[in-house]
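Residue numbers (this note's numbering): 646 to 831.
Have a look at the structure below, then the notes.
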């Protein structure tokens, strides 16, 4: 166990370089890596810098290792397990992953489904109301429904509204046009 702790401290603490897995949502030549991988095509993903704030051994009962990891956005825990297995010359994979905190949300603040009341639920329109936003026409909503771009200049993560409801999260089109493309249709 001491060798595992030493390797984690030496190689998986602070800012590290990581290659996301081939079946990730990272874009490669304009396409999602998982799309290419599912077609059997070779996927070459550039390494990226991520930060491991905490990587703590919780239990170790060979061959099972349980870790608690606090990391920056964009970190792939599957890749962390793979890379740790490479360093230990044993191989490794995830058998489970439990996300306990994302941004301000913490699992400690969650409510069990059987104890939940509708008054505990924050409507999506209230969650999104303070984000950058634009009002969309009915015609825009139809175009977005087909995944098409709409003629607006927007910043990353702009919420498109129609008749008081959030419809889409928009990003600027990367083709140099003055268009907005749907990132996530709500």
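Here a beta-carbon is modelled for each residue, glycine too, at the ideal position from N, C-alpha and C.
Values in this document were obtained by computation on a predicted structure and should not be read as measured data.
Every unbroken alpha helix (DSSP H) inside the region 694-756 [4 residues or more]: 722-732
Three-state secondary structure (DSSP) of residue 683: helix
For residue 670, the three-state DSSP class (helix, strand or coil): coil
DSSP three-state assignment for residue 772, whether helix, strand or coil: helix
Touch test, the region 657-675 against the region 696-715, Cβ-Cβ under 8 Å, three pairs minimum: yes
Pairwise C-alpha distance: residue 671 and residue 773: 25 Å
Given 8 Å, three or more beta-carbon pairs between the region 733-744 and the region 756-774: Contact annotation: the region 733-744 does not touch the region 756-774, with fewer than three C-beta pairs closer than 8 Å.
DSSP-derived helix/strand/coil call for residue 758: helix
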